[in-house]
Each structure stands twice: as C-alpha cells, then as structure tokens.
Amino acid sequence: MTSDLTRLTASEMSDLLSRKEISSVELTQAHLDRTAAVDGTVHSYLHVDTAGALAAAKAVDEKRAAGADLHLMAGVPIAVKDVMATKGLPTTCGSKMLEGWIPPYDATLVTKLRAAGMPILGKTNMDEFAMGSSTEHSAWGPSHNPWDLTRIPGGSGGGSSSVVASFQAPLAIGTDTGGSIRQPAAVTGTVGTKPTYGGVSRYGLVALASSLDQAGPCARTVLDTALLHAVMGGHDPRDSTSIDAPVPPVVEAARTADVSGLTIGVVKQLGGAGYQAGVRARFDESVQLLVDRGAKVVEVDCPNFDYALAAYYLILPSEASSNLAKFDAMRYGLRVRPEGVDDPSAEQVMAASRDAGFGDEVKRRIILGTYALSSGYYDAYYGQAQKVRRLIADDFSRAFEVADVLVSPTAPTTAFPIGEKLDEPMAMYLNDVATIPANLAGVPGMSLPSGLADEDGLPTGIQILAPATMDERLYAVGSALERALVEQWGGPLLDRAPDLTAHPSAHPTADPKEA
Amino acid sequence: MSSHAAEPVLSYEEALEQFDPVMGLEVHVELGTRTKMFCGCSTQFGAPPNTHVCPVCLGLPGALPVVNEIGVQSAIRIGLALDCKIAPWSRFARKNYFYPDMPKNFQTSQYDEPIAVDGHLDVELEDGTYYRVEIERAHMEEDTGKSLHVGGATGRIHGADHSLVDYNRAGIPLIEIVTKPMPGAGARAPEVARAYVSALRDILKSLGVSDVKMEEGSMRADVNLSLRPKVAADATGEAQLAVPLGTRSETKNVNSFRSVERAVRYEITRHAAVLAEGGRVLQETRHWHEDTGVTTSGREKSDADDYRYFPEPDLVPVAPTPEMVEALRATLPEPPAARRKRLQSAWGYADLEMRDVVNAGLLEVIEETVSAGASSTAARKWWLGEIARRASADAMDVTAYAAERGVTPAHIAELDGLVASGRLNDSMARQVLDGVLDGEGTPTAVADARGLELVQDDGALEAAVDAVIAANAGVADKIREGKVAAAGALIGQVMKELKGQADAAKARELILAKLGAS
Amino acid sequence: MSLTRDDVAHLASLARIDLSEAELDRMLGELTVILDAVALVQQAPTDGVEPMSHPLPLTNVTRPDVPRPGLTAEEALSGAPEQEQQRFLVPRILAED
Ligand SMILES: [Mg+2]
Ligand SMILES: [Zn+2]
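Quick look at the structure:
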C-alpha cells in the first residue's frame, strides 16, 4: 500500500488520515521516498526538508492520537515554491543572490500551512525571482516535465507543477504574476489557480511585481486545488492589499460542480493565430462538454487584450526593478567584491554583487524597468501601460456583463523542448499571452487539463476566468469539466504519463539541495 | 576641522546691494508615534542596535508595509495647522535610489499626490511685522537607518574604512514640510528663515505630534537658496519679483534656529561672491558646518538623481473623507501665535514684556500662575524677576530651575495672595520665596515657620511711631516744616522697632499725620 | 525611440549592476527587440483613460499604532554577510548627503 499512497488525491489522503487508516508519517515518508526515486531526473526541488516534514507529520499524528480537533488537511504533505519565506528553511527564489539565505520569519500562508498541520516537504524550483515561463532561468538548473523529461514543465512555477505531476507531493504552493501557476499546470497536465488579487496574503512572498503577484494552489484535481485554496486564502492585516472578506466557497463549488444555466464566454482574442492546433482542438471539445452539461456559450470581444503582453512587460519590469533593489549585498545574500579594485566602496560592492548574483533574464528585466520608470520615458512607457491596464480591466467588466466565466486555452502551445526559447526573450514571453490579462485586472483564473495534443501527445490546458472575488465559479466550472473529461478519458489524465522510475536519470543538473 | 578650502564670500551688505535672495525650506519632522510608519516596531530612542527591527523595516525579502494610522492623522493635523488643503486622494510613492542605510533601496514617500498642499504660515519678525510663508506641501515618508563610520580619523564618512549600520531608526515616520520659494524677504531672508522654523516648531509642539528637538535631529531643515540680480530697491516690488530665479544650492540637515539663520546668510554671501566674479553657481547639495559657520560642497545634482518615482504598489491610497478631516480639525489646538496675542491682551503686557516672557519660555508657567489666582503683573514679576535672577545665578534655565527647586505656579499664586492680603510685604515675600526654594514648604508654611507677618495691630504701630518721633525731635521738626522726604528716616526706625514686620506705607501715613504734614 | 549603448550603461549604473562590456552589447540587442514590442502600448486607445496602478479599489488601510514584537538582533543579523558590534558591516560608503 505504501508505494501507492502518492497516487491518491489530497482529498483521499485527508479522508484516510482522519479515519486513522494511514498516518501522516507514513504518507510523508512515501512522498520523500518518491522524491528520492524520481527527483534526480525531474528536479522539482531545490531543498528537501526530510527531518522537518517528518517531525511535523509526527506531531500531527500524535495530536490525532490524542483526539485533538484537527484541520481537514492536517497531515497532508505539501511542497512550497522557493519564493515563499520559510523560517529556518533556505529560500533562494532560484537565485544565486540568495544562496544560503534562511529567513528569520514565515510567510503568512506558510504560517497557515503549519497551523493546519501540513508537513512541508521542501522548496520547489522556479525561474529566478519568478521571471520566466520554463524554469530554465533557475540558477540551479531547470526542472523537467514528467511527461517528457527533455521538455520544460512551464514556469516560473515549474518546480511546483512537476512536483505534483510526478507524484512527489499531492499539493504545492505556486505564485502567479503573469501565468506562473496556470501555464505550468497546463503543460504538465495538472490544475492550478491564481486567486483574485488580494485573496491570498502576499506577506512573505518575495515580490516580483507587487501589483500582479498572487500565490495560489497547485494540485492534480480541481477539488484538491480548492481544498488548498481554502487553507491559503483569507485576510491578512500584514498585507495592505489583502481583501478583508472570507475565502470564497471554493470547496463547496468544487464538490457541487454545477454549470447548468451558466454562460461561458469564449474570448475572441485568446485562441486564434499562434495557438497550436492540438491545443485548440482540446479547448473546443472542452467547451462542448460544458455545453453538454447545461452551460450556454457566447463569444466575447476583449479588443484591448491585444495590448496586454506589451503593458505587462512594462509594468512587471518597472515594479521588479524597484522590488529587487533590496538585493544589494548589505544585509543578506551574496556579497561579491569587484575584481581588481582595492578597497571597494559599498556602491562598487553592490554593483559587483548584483552583476554576479542575478542571471541574464533578471538583469534584462531590471534594466527594462529602470528605463520604463526613468524621467523622460515614464509617460510613454510605464504611464501608458497603466492606462492599457485600465482598458483591459474595462474589457473584463464588459465581458462579465454577458458571461459568468470566460474561457480560453491556458497556453498557446504544449511544453516546448528545454533550450528552445532561451535565446529569444520575446518568444518566451508569448507563452503567457493568454494568462497575463487576468493578472493585469486582478481577476481569478484557473487552468486544468483539457487533454493531450494529437500532434505531440503532450498535455493541453484550458483556462477559466471569473470576476474578482468570485473564485468559486472557477471551481464549479472546472470541477464539472473535469468530471466530464475524466469520464471520457476513463481515468485521470496523469495516469497516462510515463513511469518515471523506469527512466534512466539522464538529466543531471546543478543541484544545491545536497550542498 | 573641515578639509575643504574656504570659498570666497562677499560682505553681506555688498551682497544685498547687488542681489535679491530667494530661499525655500524643507523641514523634516520625526513624528512621536509609538511605532514606525509601516511596521509595528517601537520608535523608542536609544535601544541597543538592531533591536527595534522586523522583516518590514529591515527590507527582508517578502515583507510588506502597513500604514500607521496615527502617522496619517498626524500628517493631516499638521496640514490643517498650516492651513493646507487636505487631499481627498493621496498616495505613497517609491523614491528609488541605492544607499546602504536604506533597507529597500527605495524610500516610501509621497510624490505627486501628497496628503496636504497649499498652506501658509505667517511668521512674526523682530520688528513686529509679519512675513507670509507659503507652504507648498506636507507629505509622509520614512527615515533611514544610522551608520557608524569606522576607521576614519573622526568618525566621519570621509576616509572611513567601513561602516556599521543600525536599522532601529529605519522606518521612523517623517513628515516633510516644503515651502514655496520665498521672495521679497530681501536683507531679512536669514531672519525670516529662522522665524519660520521657530514658528513651525511651536506649531508642531502645540499639536503634540513630535518632540521637535532640533538638537536631537527630530526636526531638521534643508535650506535652498538662490540669488537673482537686484533691479529695484523694493524687494517686494513687481519689477524685482519678475526677475527669474537663479541656480539654487541645497544645504542639508541644518540643526538649530541659529544655524538656519547663519546658513542662509552664509550662502547669500557665497553665492554673491561667485556671481559677482561672473561665475556660475552649481546646483548642488551642501553641508553645513556648525563649528566654522560655513557650508561645503556635497554632491552636484545630476541625472543620477533620477529617482524613478512610481505609486507604491504595496500600499493602497489614503483617501481621507471630509468627516475624517473635520474630526481631526476639531482636535487642533489654538495656533501658538494667536494664543500669544490673546494672552498678551488679557494680561496687559507691553510688547517687550511679552517677548521677554516668550523668550524665557515662561508662557505656560505664567498662564498657570495667573489661572491659579495671581495677578498677571505679579506673575511676571516673580517669574521673570526673582526666580529668573536666581536661576541665572545658578546658570540654569528658569523652568528647569523651578522644577529642580520644586517651586510651582500654585506657590507663586499663593505668595502673591499673601502680599495682596497684606500679610507680607515685598521683602518678607522674597524671604518666603527663598524658603520655598529651599524646600521649606508652601509659602504659608514658610511664613508661619519663619514668623513673617506684617504687624496688623494699629496700637503697636502708633506706639512705635510716637516713640520714634519723641526720640528724633530734630527730624520731626523738619517734617513739620514741610520736608516730607525726611520721613523716610523715621519710617526706617519704626520698621526697626517692629523688627521689619510693619507695613511701611501705613507707618509713613501715621508719621505724617501726627506731624501735621499730610 | 531607440536605445544606445550609453543609455544601457547609464541604466545599469542607475540599477547598480556592474555589467561587463559583453553583457552591455548583448543587453542592447535584446532590449531593442523588447522595447520595440512593448512600444505597442503607445498605440492603444488611451485618450482620457485613467491610469490603473492597482487591481483593487481599496483605500485607507491602516494599522493601529501599537508596538508588536519584531526580530531579535541575532535574527536580524542572521543573514548579514559581515557584522560587527551588533551592526551590519558594510564597505566604506562614498560621502554623500
Ligand atoms: Mg523627503
Ligand atoms: Zn519594523
């Protein structure tokens, strides 16, 4: 039984734990064993906390044995993206800049996980400071797609998508600034939600772009995603941008899975040219399945979405250039003295450290953001992008007047080969063309598997978008669609993924977790 | 001390003959809140290094700011006290630049949407006239950490080997109050600058928002100054005001009223020397040196000052409702200048008397003494005369002296009561004051213990007068002949007879009556 | 608006990144392509449109002025590259204001 525990859904794990049929130590150990077996090839983790996870599992088991009233998810282990501050656990954000940094505090959502009794298995890989769509920009080497180890698992949260897709964890924390939860979910055949901006505390999330960043749940089923969403969400007085309202009823919606009478808006601007044929085919079939289940479909026009990518790649770098200024080698992180300079000044040490500590993509975006905010260019770039942002939010408002949710393919293509787009920043940026509008407007979005593309046999994803604070609609629609699809497939999509333990470990990577 | 070569200056008079000074002042005030502007760390002064810090004010990755509500309220109250408009919509912005004592490498400040704009403050000058200082804005921001420079000769930044940073002060709430350029002050520019900073300090103190100790840096001024050619004798005339402003220098962190005045004066003479030679004034920051009374060049303004301001995405706008603003307006104390006017007229003091009282810092004390029942004249006489004289003999400030010796406004009012009721005369009252200052108790207790009491018994006084007249027949005759001034000698003897406890005026009256000279 | 190599060098110094000559060259090429693409925002119909800097219309979020425990000095300094006298040791700071 033990080796099979990792194939369960988090919901099933929770049931077995509460019925005391399995222990959290058993469950946690099963996942650690799975990691030992497959992570040499997948490389989902930057750091595995064997001792900490088992200690937390043991504590939950003891409380349960003593009859304590436990959280529904108590004892279910979880992986956390390395962008969240974890007290006592290394937090690098995939950057050399933070090598060896151990935060003296926990992010609010990490506090919530700990309070719920969820053992933290480790910290997952990511593009450096969450900048990227493939995890190739991790300073510690890329993660690999469990469906095809030569391909990317999406990004920036490729560690979190691959960790659940490879059954190393039932659940993972992701963050989504322009699609970093949804696009990785799409290309790995998993589920991920970017909640409404402000729905989950950002306190302790190392900021990329403050007005776009949002943490969310990653899992293999819609219900599991909802269960984690409910643990993470809610108001936090430490985050001024946090919504002061209860978490939307996401778990109930996932269980009910009712779409009858709902109007589904297909966004005209998302899904045409540039979208892979197999991606579009699976999307169209999914929409039809929703119609079969009683939903109505309309096409909605969001003309300003055409400017979203451009606006996003001005707003994000601008905020990032400021957010990442704190990495200056003075208080924490890497300190490098410039070569050939006697007695360097603080200024010189800062500049040398930032050159050595940041990767190319990070430097690119910092310089771009510095430019967009600089005097003389602010109005033409940053200011103009902010106006486009308003137009996009207005497009959403109009669309939600005629549709309860909007849908589109999550990403234009299936997982591309590692290395393919590394030298073409703009081509890489296009991966997020469908996911970015939601971040600009702050509305919630989910990606769930829609099938496998005929041309390459790789997973495709469908995106569902809902009005701000109406996150439960994602789960109602997602859950209904998931049921229809699983019925059609005859089982979960991930059952068709290759057996990783049969693979030779052909992808050695720079791996700091043994360091 | 300073390693900079002295720069040429013109004499002040010559400078003013040729040029018209225009200044602007930026004053930073540390608020007296219990916690920092964006986190719950204590603002208490003097804690061991890096003990009043948290992820937010240390700029740790992931931490987020939350605005201190008292910080916002204080900013609005300051704005209202300066007759500013309170913005119905105001935002924080990030001012981006790198500096090791600034944890995030941006200062959370306000830029184009400050909380308060367009106010003014009328400041009284030495000659009793007023100058209206226009306030451009007041905005909220945060302080930086403090660096200790190690390895240099004098703990200065120059020549230091490395620095040690303590972030306890990082994030302390600051309000920056910026004036518009102040034209038309002419030769009085230094005095206007001093009077403005002083009046501003009074207002901030009366609001109770800050301890406003310039010497401890909780209030500091940056002085902007430029000169333009003088085209007319009248500095406030249209022709003069139409002349474009010159290049300005910005002298940073001037830390006393007197220094503000001196810095303006010095910069006028320095700019004038540059311009008189046909030179160009650099737009630069300058440092004020208290010891030598000069400024030295800091850093030239350049495009390195591109602060890339943008709205702070981690904070939401501050949008005070009219109700909030009115509720805060209701908490404003009477403006210090108006209060002084009101008290002066109520007390009937001459301008000079009032100024002495204010300069001695005795306004509150006298107000309390009067409200405890003393006459305003007596209150001033006791505090500014007797007590101030004793304090200055001990080289102490009057209020500090009074506090140390335990003498209160209530004591002085009681003492005045004893005089007014006729129990004590002036010299006896002075003895009683000494007793109070020596800790012998209240004025009544001291008078009782020392047996000080005017003789109220007319019989005893009459007997003493008769005896003295009899013993001094010659003097008595002179008085009878009309030499009334001679009565003084007899009064002295009566006082002696009654051991000083006689009412001198009464004795005089009696002597004159008995000698038929009244 | 085309970017020059000097512009990139200036931006790098504003951003305190000591880019090598080779990095500057590469960055110039990449940024030119990206800027070309993002300049599309200038073609959007934005006349009379209010800039939007934040996805949620929240205002007046404050906290009471009540102290709460922060970090110990040890925790605060735990990540410091160098420290001395319970303070962060930083290289000499160029004299500034
Ligand atoms: Mg300022
Ligand atoms: Zn703090």
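Residue numbers (this note's numbering), protein chains in the order written: chain A, 1 to 515; chain B, 516 to 1033; chain C, 1034 to 1130. No residue lacks a Cβ here, since even glycine has one placed at the ideal position from N, Cα and C. This structure is a prediction, so every number in the text was calculated from the model and none was measured.
Query: Below 7 Å CB to CB, which residues in the same chain sit around Ala608/B once its five sequence neighbours on both sides are set aside?; Result: Ser624, Gln625, Tyr626, Tyr824, Phe825, Pro826 and Glu827
Query: Against chain A, does Glu1117/C count as a neighbour if the rule is that its beta carbon must be under 7 Å from one of theirs?; Result: no
Query: If I measure Cβ to Cβ from Pro924/B and keep anything under 7 Å in the same chain, skipping five residues before and after, which residues do I get?; Result: Val880, Glu883, Thr884 and Ala887
Query: Using a Cβ cut-off of 8 Å, which residues of the stretch 49–73 of chain A contact any Cβ in chain B, in chain order?; Result: none
Query: Shortest alpha-carbon distance to Thr550/B belongs to which of Pro523/B, Val872/B and Glu584/B?; Result: Glu584/B
Query: Do Leu314/A and Ala207/A have their CB atoms nearer than 7 Å?; Result: no
Query: List, from N- to C-terminal side, the beta strand (DSSP E) runs of 3 residues or more that fit wholly inside the stretch 573–617 of chain B.; Result: 608–611
Query: How should Asn739/B be labelled, buried or exposed, when 16 other C-beta atoms within 10 angstroms of its C-beta is the threshold for buried?; Result: buried
Query: Can you tell me where the alpha helix (DSSP H) holding Ile366/A begins and where it ends?; Result: Asp360 to Leu373
Query: Quick one: which chain C residues come within Cβ less than 9 Å of Pro837/B?; Result: Residues of chain C passing the Cβ test: none, with the nearest at roughly 13 Å.
Query: Starting from Gly333/A, find everything on chain C with Cβ-Cβ shorter than 8 Å and list it in chain order.; Result: Gly1112 and Pro1114
Query: Please return the same chain residues whose Cβ sits closer than 8 Å to the Cβ of Gly1031/B, not counting the five positions on each side in sequence.; Result: Arg995
Query: Arg854/B to Thr762/B, Cα distance in whole Å?; Result: 39 Å
Query: Starting from Phe400/A and walking both ways along the alpha helix (DSSP H), at which residues does that stretch end?; Result: Gln384 to Val402
Query: Is there a Cβ of chain A sitting closer than 7 Å to that of Asp681/B, yes or no?; Result: no
Query: From the DSSP output, in three-state form, read off Gly813/B for me.; Result: strand
Query: For the candidate residues Ala1045/C, Asp1040/C, Thr1037/C and Asp1039/C, whose alpha-carbon lies nearest to that of Glu347/A?; Result: Ala1045/C
Query: Would the C-beta of Gly594/B count as close to ligand 2, meaning under 6 Å from any of its heavy atoms?; Result: no
Query: Please report whether the beta-carbon of Asn583/B lies at a distance below 7 Å from any beta-carbon of chain C.; Result: yes
Query: Since I believe Gly1103/C is in contact with Cys556/B (beta carbons under 8 Å), could you give me their beta-carbon distance rounded to a whole number of angstroms?; Result: 5 Å
Query: Out of curiosity, what's the CA-to-CA distance linking Leu228/A and Ala219/A?; Result: 8 Å
Query: Counting only Cβ pairs nearer than 8 Å, list the residues of chain C close to Ser321/A.; Result: Ala1048
Query: Thinking Ser162/A and His144/A are a contact (beta carbons under 8 Å), I'd like their distance in whole angstroms, please.; Result: 7 Å
Query: When the Cα atoms are used, what is the spatial distance from Val831/B to Pro217/A?; Result: 25 Å
Query: Among the residues of its own chain, which have a CB less than 6 Å from the CB of Leu597/B, if the five just before and after it don't count?; Result: Gly634, Leu636 and Ile650
Query: Taking Phe613/B as the reference, give the member of Glu815/B, Ser936/B, Asp821/B and Ser764/B with the closest Cα.; Result: Asp821/B
Query: Give the interface partners of Arg364/A over in chain C, defined as CB-CB distance under 8 Å, in chain order.; Result: Met1060, Glu1063, Leu1064 and Ile1067
Query: Met1/A by DSSP, collapsed to three states: which one?; Result: Low local confidence applies: a pLDDT of 42 at Met1/A is under 50, so the model's placement there is unreliable, and no value is given.
Query: Given 6 Å as the limit, tell me if Val582/B has its C-beta closer than that to any heavy atom belonging to ligand 2.; Result: no
Query: Could you check what DSSP says for Val251/A in three-state terms: helix, strand or coil?; Result: helix
Query: Contact between the stretch 195–202 of chain A and the stretch 429–444 of chain A: three or more CB pairs below 8 Å?; Result: yes
Query: Arg1120/C touches chain B at which residues, Cβ-Cβ below 8 Å?; Result: Pro564, Asn565, Leu663, Leu679, Val680 and Asp681
Query: Determine the chain A residues that contact Arg1101/C at a beta-carbon separation under 9 Å, and present them in chain order.; Result: Here the premise fails: no neighbours, minimum Cβ distance about 10 Å.
Query: Which one of Leu5/A, Asp236/A and Ala434/A has the shortest CA to CA distance from Val519/A?; Result: Residue coverage of chain A in this structure runs from 1 to 515, which leaves residue 519/A outside it and unanswerable.
Query: Are the C-beta of Gly752/B and some C-beta of chain A separated by less than 7 Å?; Result: no
Query: For Asn1093/C, which three-state DSSP category applies?; Result: coil
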